[in-house]
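As C-alpha cells, the structure follows; a few thoughts come after it.
Numbering (our numbering), first residue to last: 16 to 410.
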C-alpha cells in the first residue's frame, strides 16, 4: 500500500452546520453476550411519573440483567439504561473513557434518584492496533490500572453532580481462556474501584459475592458472559442494592447539572481504523470531556492513510455534545497525496465558501467528537491512523 500523509499547512475556511443525532462508535458485540439477542426484546417503556427514576450504566453484562431488574422493581421505580440512537437496542457503555465522553448524553435532562454503574471488563481487555482482542504480549491494555483509577475518580465526580444516590456494581469474573482478557485482572480492578467508592461514599453492590460458588454453573464456558440464570442472579443483587439506595434520604435537585467543559485536549496515542472493500473510511476520536467551542480555538490533526488507490476527497467533522455535526470541508484533492490539518475558529461565523445561503457554525457551543474522513474513488482496502490531535489556543 502507498502511504498518504496529511501535512500541517494552514487554511482559512468556515464550517457548515447540519443537525443530526450522533452516537459514539459502538463497542463490538462479543460472542455469547446479551447484545446478540437484545434486538428481539422490548427496551423502551412508558415511565410512571409517580415513581423515582433509576439509571443502569454498564456493558453487555448489565444488558443481560437490566430487564430482569426492571421486572423486579416494577411499581417501585422507572428503570432506564442508555439506548442506541434508534431507541430500540440497548447501548453497551464500554470502558471508562467512553463513559467520560458520553455521560452527559446518557443523563440528558433527566433527574435520577439512583444511578447503578459499572466499568471494568472493557478497561482491562487487551487490543491490537486494529481493535482486535489479543493476548497481553500482542496488544495494549485499554486502561491500565493507574488510568482506570483516574477515570473512575473523574466519573464519580461527574456522577455526584447529578444529585443521584450512586451504586457501584463490581466487575464480574474473567474465566480462563477469555479472549483478550487475563483471569484475575478483575480482582485488581475491583480493588481499585472499592477504594475509590469507599472514599466517596458510594454504595457497593458486590456482584462477585452474589455469584458465590456458582460461577462455573452461571457463566458461559471461556466467556465473560452469563446464562439467563446467571443474569437473573445478578439482577437480584442489582435490584436489592437499588432498593437499599431508594430507602436513603434524598432531595431532588432543581435541575440537572450543566456539563463540565474543557478548554483543551491532546490525543494520548494514535487511533487506527481499517476497512475492506469500502468506498470511504473514517476514524472517530471521542473527547473525555466536551470542549468549549469558541472563537480562537485551534484544531490541529495529523493522519496517515494507507491504500492502493488515492483518495478522492477528505474532510474533518466535528460533533457537539448535543448531537449536532459540522463539517470542515476541504476542496476535493483528487490525486493529491497531502491535505491540510489546522483549523482556527474565526471571531465571527462565516458562510460556507462553496455555496450561498448555507447555515454557519454559530449554533454549536461544544465539541464532543472529531472524525477524519477519506472518500475513495473505488472500493478498496484501507487503513487510517490519526497520529496526533490537539484542541486549544494558538501556539
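All C-beta atoms in this analysis are idealised placements derived from N, C-alpha and C, irrespective of residue type, glycine included.
Remember, it's a predicted structure, so these values are computed and weren't measured experimentally.
Report task. Spell out the partners DSSP gives residue 181 in its beta bridges. Result -> 130
Report task. Would you kindly check if the distance between the Cβ of residue 190 and the Cβ of residue 234 is under 8 Å? Result -> yes
Query - alpha helix (DSSP H) segments (min. 4 residues) lying fully within the region 68-121 - result: The qualifying runs are 75-87.
Query raised in the report: Any idea what DSSP makes of residue 166, helix, strand or coil?
Result: helix
Query raised in the report: Where does the unbroken beta strand (DSSP E) through residue 320 begin, and where does it stop?
Result: 313-322
Query raised in the report: Of the residues 119, 144, 115, 69, which one's Cα is nearest the Cα of residue 93?
Result: 69
Report task. Please look up how many angstroms separate the CB atoms of residue 14 and residue 288, rounded, as I've assumed it's under 8 Å. Result -> Given a span of 16 to 410 for the chain in the structure shown, any question on residue 14 remains unanswerable.
Report task. Can you tell me the Cβ-Cβ gap for residue 109 and residue 246, rounded? I've got them flagged as a contact below 8 Å. Result -> No, residue 109 and residue 246 are not in contact; Cβ-Cβ is about 19 Å, not under 8 Å.
Query - Which residues DSSP lists as bridging residue 142, in chain order - result: Residue pairing for residue 142: DSSP places it in a beta bridge opposite 148, 155.
**Report entry** Rounded straight-line distance, which links the Cα of residue 206 to that of residue 340
**Finding:** 40 Å
Report task. Thinking residue 250 and residue 84 are a contact (beta carbons under 8 Å), I'd like their distance in whole angstroms, please. Result -> 5 Å
Query raised in the report: So, is residue 317 buried or exposed, given that buried needs 16 or more other C-beta atoms within 10 angstroms?
Result: buried
Query raised in the report: Counting Cβ pairs, one atom from each stretch, are 3 or more of them under 8 Å apart for the region 167-177 and the region 109-119?
Result: Yes: at least three Cβ pairs fall under 8 Å.
Requested in this report: Out of 390, 86, 253, state which residue places its alpha-carbon closest to the alpha-carbon of residue 218.
Outcome: For the residues 390, 86, 253, the minimum Cα distance to residue 218 belongs to 253.
Requested in this report: Would you please state the rounded distance, in angstroms, between the beta carbons of residue 208 and residue 128? I believe it to be under 8 Å.
Outcome: Rounded, the Cβ-Cβ distance is 22 Å, inconsistent with contact.
Query raised in the report: Taking Cβ positions, are residue 260 and residue 278 nearer each other than 8 Å?
Result: The answer is no: Cβ separation not under 8 Å.
Query raised in the report: Between which two residues does the beta strand (DSSP E) carrying residue 246 extend?
Result: Bounds of any beta strand (DSSP E) do not take in residue 246; it lies within the alpha helix (DSSP H) bounded by 243-261.
Requested in this report: For my contact list, residue 76 and residue 187 are in at a C-beta cut-off of 8 Å; report their separation, rounded to the angstrom.
Outcome: 6 Å
Requested in this report: Tell me, to the nearest whole angstrom, how far the beta carbon of residue 401 is from that of residue 298; I am working on the premise that it is less than 8 Å.
Outcome: 5 Å
Report task. Could you check if residue 275 is buried or exposed, using at least 16 other CB atoms within 10 Å of its CB as the buried criterion? Result -> exposed
Report task. Spatial neighbours of residue 98 within its chain, please: CB distance less than 8 Å, with the 5 preceding and 5 following residues excluded, ordered by chain position. Result -> 58, 59, 104, 105, 106
Report task. May I ask you to report which of helix, strand or coil DSSP gives residue 202? Result -> helix
Query - Cβ neighbour criterion (16 or more within 10 Å) applied to residue 158 - result: buried
Query raised in the report: Who are the near neighbours of residue 221 in its chain, counting only those whose CB is closer than 8 Å to its CB and skipping five residues on each side?
Result: 185, 252
Report task. Select from 216, 163, 160, 325 the residue whose C-alpha is nearest the C-alpha of residue 181. Result -> 216
Query - From 244, 385, 271, residue whose alpha carbon lies closest to that of residue 305 - result: 385
Query raised in the report: Is any beta-carbon of chain D found at less than 8 Å from that of residue 90?
Result: Judged by its chain identifiers, the structure shown contains no chain D, having just a single protein chain.
Query raised in the report: Closest to residue 82 by CA distance: which of 410, 212, 96 is it?
Result: 96
Query raised in the report: Hey, how far is the Cα of residue 266 from the Cα of residue 126?
Result: 11 Å
**Report entry** Coil, strand or helix - residue 397 by DSSP
**Finding:** strand
Query raised in the report: By DSSP, does residue 340 sit in helix, in strand, or in coil?
Result: strand
**Report entry** Cα-Cα separation between residue 244 and residue 151, rounded to whole angstroms
**Finding:** 31 Å
Query raised in the report: For residue 230, which three-state DSSP category applies?
Result: helix
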